[in-house]
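Report on one structure; see the data block that follows.
In our numbering, the protein residues as written are 13 to 83.
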């Protein structure tokens, strides 16, 4: 569901985030520890990225790591 172009960009971005971004390391490890398949982890990262993007746009604020990765 959703726009094909946005899904494509989010998918490729989530692959890069999964492999190279230390901020997402704990998030990815937590999902893998629960036994989630790799595609499920990638989709979870896509969803988290969307939440971060919309939060930044909605509040017209800069990225705050503490807010994005709390809880």
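Just so it is clear, CB atoms sit at the ideal spot from N, CA and C, and this is done for glycine as well.
TODO: Under 8 Å Cβ to Cβ from residue 22, same chain only, skipping five residues before and after it: list those, please.
DONE: 58, 61 and 62
Task: Host alpha helix (DSSP H) of residue 34 (start-end) - done: Per DSSP, residue 34 belongs to no alpha helix (DSSP H) and is neither H nor E.
Open item on the list: Suppose you measure from the CA of residue 42 to the CA of residue 19; what does that come to, to the nearest Å?
Closed with: 24 Å
Task: Residue of 46, 55 and 15 minimising C-alpha distance to residue 29 - done: 55
- [ ] Find out if the Cβ-Cβ distance for the pair residue 68, residue 80 is shorter than 7 Å.
- [x] no
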